[in-house]
Structure formats: structure tokens, C-alpha cells
Amino acid sequence: MQMAVYLLWFFIFPGLLFMAVVGAFLSWFDRKITARVQFRKGPPLLQPFYDFFKLLLVKETILPKSGSGFVFLLAPLLAVFGATMAGLFILLPLFNIETGFRGDIIVIFYLLTLPSFSYIIGALASGNPLGAVGASREMKLIISYELTFLLIIAAVIMKSGQKFDLNSIIAAQQSGTPFIGSISGVLLFIAGIFCIQAKLALVPFDMPEAEAELASGIYIEYSGPPYAMIKLAKYIMLFILPAFLVALLMNGMNPGINIVWLILKILGVVLLLTLIRNTNPRVKIKQAARFFLVWMNLLVVVAIVLIVFGL
Amino acid sequence: MGFKDYCFRKSLWVFHFGGASCNNCDIEILDCLTPRHDLERFGILLVGSIRHADVLLVNGSINRRDKDRLLELYHQAPKPLLVVAIGACGCTGGIFAEGYTFAGPVDKIIPVDAYIPGCPPTPEAIIAGIVKLAGKK
């Protein structure tokens with residue numbers, strides 16, 4: 033019986049199916065806002081579903097001649113698995129479902145890096161030189177932003193009074209004030225937004241999949257169903273990372289009608305990401321590394337010092 | 002019209018191959034993606050890798066060097082693939098048809114699904130061609 037509940041959680045709600053549908057909707061939202069910013073009309077509501085099913089059902093899969101076919105095909109599945117597991121650990125506390133697992137925030141941190149790593153593995157297994165350049169850039173980007181992301185999580189743990197699970201962090205905010213209501217919380221939110229931007233490889237930090245010079249870089253050799261899996265992982269990540277930020281800093285969800293408020297918060301974070309992506313040029317990998325390793329880390333360290341003084 | 006066909010038709014991703022073009026057609030193709038004409042409302046995106054492409058746009062006269070590249074691109078693309086020849090040069094050879102480096106119009110090299118003539122075709126003509134292509138089969 034318990035097993036059936038777990039499977040339901042993993043595959044239906046709040047698992048794969050739910051996250052894929054909401055993520056696809058958010059992807060449409062992102063493209064529509066981009067279009068409106070550029071005074072265009074934008075794609076129809078079901079566009080992400082058309083893209084996904086076209087890739088999954090219609091297109092042919094091509095395996096690269098030089099390279100490892102098995103690893104090449106395994107990497108997208110690994111990306112979807114990592115994104116789904118991380119999303120499960122984020123969404124269960126967010127919807128106030130008690131799992132009884134302490135210390136899940138560390139697991140979330142590790143699982144969230146799994147999609148990026150599997151993109152790297154897939155790109156290197158394809159044997160394409162442009163894919164290899166994209167993989168090396170993605171690796172440098174991970175090295176740059178992971179420390180900042182870890183520091184943000186550490187700061188949130190400190191602020192909640194040494195709580196290592198998302199349920200208690202949300203509960204600590206709901207009994208007091210949301211963490212974003214303080215100076216340190218605002219600083220953490222700014223750093224968190226930029227980390228998410230880099231994790232999703234959106235425009236200021238999209239050098240791994242630069243269309244202009246690398247011809248979509250790490251995804252260059254993917255076609256058909258494996259590319260559909262990558263799209264799915266990207267849809268899920270576009271949903272769960274803003275949801276994670278909402279859970280960490282913005283109060284999660286109170287029971288009842290407050291689900292509308294939760295939806296508005298997630299849409300607001302995605303809107304912010306989209307506006308940043310539409311108003312900035314792509315930076316060089318060196319500039320991105322300096323931005324995270326110096327400035328964002330400094331910001332988070334200042335926030336941690338403020339937390340120590342109770343601000 | 003089945004579900005698969007419908008999805009395919011609603012999400013055509015375009016890869017642009019410019020042969021020995023005079024760049025007029027290239028500029029008109031880019032015009033289609035600008036705010037005024039906005040092809041994304043039909044789900045059309047310009048992609049950078051042939052592996053993601055559903056439509057191969059070919060413009061410009063195809064000379065002997067281009068021919069090998071075009072064939073290679075056609076074989077690298079995942080099927081089903083639609084091929085569109087744009088402009089007088091792509092459709093028939095235009096003023097270059099008698100040239101000694103000319104390797105035949107596009108349909109002598111690879112099968113073509115739609116022709117959009119004009120020198121250059123207007124963005125409206127290109128959109129009309131794409132819409133007809135999406136309604137084909």
C-alpha cells in the first residue's frame with residue numbers, strides 16, 4: 033500500500049506528470065513574455081506540448097558515429113530522473129505533505145546538479161567538438177555557481193535555526209515572517225535568482241548552448257526522443273527551481289485557498305527570470321566565473337553576517 | 002490528420018542553408034522572424050543544429066562546392082524532413098542557371114517539398130509558402 037503511494041507521488045502528483053505539465057506551461061509563459069517584450073505575438077498555449085510530442089513521436093533518432101551510443105542515450109534519462117527526484121523532494125514539503133525524511137535539503141542540492149552533469153556526459157559521449165566545447169563551458173559554469181548556491185542554502189539553514197529539512201524551514205517561516213522580509217533575505221533572493229538563471233542556462237549565462245557560435249552546444253547531436261527527454265528535463269527544472277526558491281525564502285504555501293498565492297509567487301519568479309534573460313547580453317565564461325565567485329559570494333557572505341546579527 | 006501529423010505541423014523548426022546567395026533572400030528570411038511578421042506564432046523556430054531541424058530552407062544558387070555540403074546536411078538530418086527552396090536561384094537557378102559552376106537547382110540534388118519563387122520573395126510570400134507547407138499531406 034505504502035509502495036503504491038510512493039509510486040503515485042513519483043509518477044503522477046506531485047511527480048513526473050504534474051511537473052511536466054506545469055513546467056511546459058511555464059515554458060510557454062517564458063516564451064510568451066519574451067515575445068511580448070519584443071512586441072511579437074508569441075506561440076500558442078500548447079506549443080511546448082507540440083514540440084515535445086513532435087520530438088518524441090515523429091522524429092528519428094540519430095546516433096553519432098564516433099562516440100558512445102549507450103551513454104549518449106542514457107544521459108537524457110538520467111537528466112529527467114534527477115530533475116524528477118529533486119522536484120519530488122521540493123514539492124512534497126511545499127504542498128505540506130509530511131515525508132518524515134530529515135536532511136532532505138542536502139539531497140535536493142545534489143540532485144539538482146544531476147541534470148547539468150548528465151548534459152555534460154551526453155555532450156562528451158557524442159564525440160562532437162562543438163559539444164565538447166559546450167560541455168567544458170557548462171563544467172566551468174557549474175564550478176562557478178555551485179559554491180554560491182551552497183552558501184545560500186547554508187544561510188537559509190542558519191536563518192531557520194539549524195533546520196536541515198524543507199518542512200521545518202517552511203514551518204519556521206510560516207510561524208514567523210517569510211525570510212524575504214528581512215535585509216539578509218533580500219540579498220539571498222538576489223543571489224538565488226542569478227544562481228537559478230545559471231542553472232537553467234538562460235541568457236546572461238547561456239554559454240553552454242550558445243546558438244550563435246556553438247549551434248546549441250551541449251545538445252548539438254541530440255535528435256528525436258532523446259532530445260524530447262532533454263526538453264522534458266528543462267521544463268521540469270523551469271518549474272522546480274523557482275518552487276525551491278519560494279520554499280526557501282518566500283514562505284512556501286499556507287493550507288487552503290493560499291494555493292493561488294503560491295502560483296502567483298512562482299509566476300513572479302519566472303517572470304523575473306524571463307525579464308533578466310530578455311534585457312541582458314550573454315557574458316563570457318570568465319566574466320560569469322568572476323560574477324559568481326567574487327560578487328555573488330560576497331553578497332551571500334554579507335547576508336550570513338547579517339543573519340548572525342539577527343537582521 | 003492524426004495526432005502525430007498535427008504536432009509535427011504545429012512545430013516546424015527551421016534550419017537555414019544559404020548557398021552561393023546574394024544575401025537578399027537571407028535578409029527576407031530573417032525578416033520573417035522579426036516582430037512585424039513573427040513566425041513563432043506558428044511554432045516556427047530557427048535552430049542552430051541540423052539534428053533539431055524539421056525544415057531545411059535552401060536559398061541561393063547551388064554551385065559545385067555547395068552541392069556536397071547540401072547533400073551531407075540532408076543525410077545528417079533526422080527524417081521526416083521538409084525541404085523548401087526559396088528564391089529564383091533556389092527554385093530554377095535564376096540568372097546563374099547557365100553559369101559554369103552551377104550544379105543544378107535544388108530539386109536536382111534533393112527532393113523539394115515547396116518552392117517559394119521571387120527575387121527575393123517578400124516575407125508575406127515566405128509565410129504563405131510555409132503555411133501551405135504546414136497544410137500539405
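Note that the protein sequences, when read in sequence, are chains C and U.
Residue numbering for the first sequence follows the numbering used here, beginning at 33 and increasing consecutively.
Residue numbering for the second sequence follows the numbering used here, beginning at 2 and increasing consecutively.
The beta-carbon is built from N, C-alpha and C at its ideal position, and this holds for glycine as well.
In this text, all values refer to a predicted model and were calculated from it rather than measured experimentally.
#1: Examine chain C for any beta-carbon lying closer than 8 Å to the beta-carbon of U/H17, and answer yes or no.
#2: Within the 8 Å Cβ cut-off, does C/D62 reach chain U?
#3: Starting from the Cα of C/V301, find the closest Cα among C/A320, C/V315, C/L280, C/K86 and give me that residue.
#4: Would you mind reading off the limits of the beta strand (DSSP E) that contains C/Y254?
#5: Tell me which residue opens and which closes the beta strand (DSSP E) that U/L58 is part of.
#6: For the alpha helix (DSSP H) that contains U/G44, what are its first and last residues?
#7: With a threshold of 8 Å between beta carbons, is C/V278 in contact with chain U?
#8: Consider the Cβ of C/D136: report whether some Cβ of chain U lies at a distance smaller than 8 Å.
#9: Of all the CB atoms in chain U, is at least one closer than 8 Å to the CB of C/L89?
#10: Sorted by chain position, which residues of the same chain lie with C-beta nearer than 6 Å to C/I252's C-beta, five sequence neighbours on each side aside?
#11: Round the Cβ separation of U/I28 and U/V59 to the nearest angstrom and send it over; I've been treating them as touching at under 8 Å.
#12: Indicate whether at least one CB of chain U lies closer than 8 Å to the CB of C/Y254.
#13: Suppose contacts are defined by Cβ-Cβ distances below 8 Å. Is C/F226 in contact with C/M328 by that definition?
#14: Taking the C-alpha atoms as reference points, what is the distance between C/L294 and C/A320?
#15: List the endpoints of the continuous beta strand (DSSP E) containing U/A115.
#16: Could you give the distance in angstroms between the alpha-carbon of C/F61 and the alpha-carbon of U/W14?
#17: Less than 8 Å between the CB atoms is what I'm expecting for C/M269 and C/L232, so what's the real figure, rounded?
#18: How long is the line joining the alpha carbons of C/M171 and C/I152, rounded to whole angstroms?
#19: Taking only beta-carbon atoms, is U/I48 less than 8 Å away from chain C?
#20: Have a look at C/A230, C/V218, C/A203 and flag the residue whose alpha-carbon is nearest the alpha-carbon of C/R169.
#21: For U/C8, count the other beta carbons within 10 Å of its own beta carbon; 16 or more makes it buried, fewer makes it exposed. Which is it?
Put simply:
#1: Not closer than 8 Å to any Cβ of chain C, the Cβ of U/H17 fails to qualify, so no.
#2: Look at C/D62: its C-beta is not under 8 Å from any C-beta on chain U.
#3: Of the candidates C/A320, C/V315, C/L280, C/K86, C/L280 places its Cα closest to the Cα of C/V301.
#4: Here C/Y254 belongs to no beta strand (DSSP E), and DSSP marks it neither H nor E.
#5: Per DSSP, U/L58 belongs to the beta strand (DSSP E) from 56-60.
#6: U/G44 -> no alpha helix (DSSP H), and no H or E assigned at all.
#7: Taking Cβ atoms only, chain U never reaches closer than 8 Å to C/V278, which makes this a no.
#8: By the rule that beta-carbons nearer than 8 Å mark a contact, C/D136 does not touch chain U.
#9: Output row for C/L89: interface = yes.
#10: By the criterion of a C-beta distance shorter than 6 Å, C/I252 is surrounded in its chain by N160, L162, G163, once the five residues flanking it on both sides are discounted.
#11: With 8 Å as the limit, U/I28 and U/V59 do not qualify as a contact, their Cβ atoms being about 16 Å apart.
#12: A Cβ of chain U is located within less than 8 Å of the beta carbon of C/Y254.
#13: Yes, the Cβ-Cβ distance between C/F226 and C/M328 is below 8 Å.
#14: For C/L294 and C/A320, the distance between alpha carbons rounds to 31 Å.
#15: Where U/A115 is concerned, the enclosing beta strand (DSSP E) stretches over 115-117.
#16: Roughly 19 Å separates the two Cα atoms.
#17: C/M269 to C/L232, Cβ: 6 Å. Contact.
#18: C/M171 and C/I152: Cα-Cα distance of roughly 7 Å.
#19: The sequence given here places Val at residue 48 of chain U; Ile does not occur at that position. Yes - at least one Cβ of chain C is within 8 Å of the one on U/V48.
#20: A check of alpha carbon separations from C/R169 across C/A230, C/V218, C/A203 identifies C/A230 as the nearest.
#21: Counting Cβ neighbours within 10 Å, U/C8 comes out buried, since at least 16 surround it.
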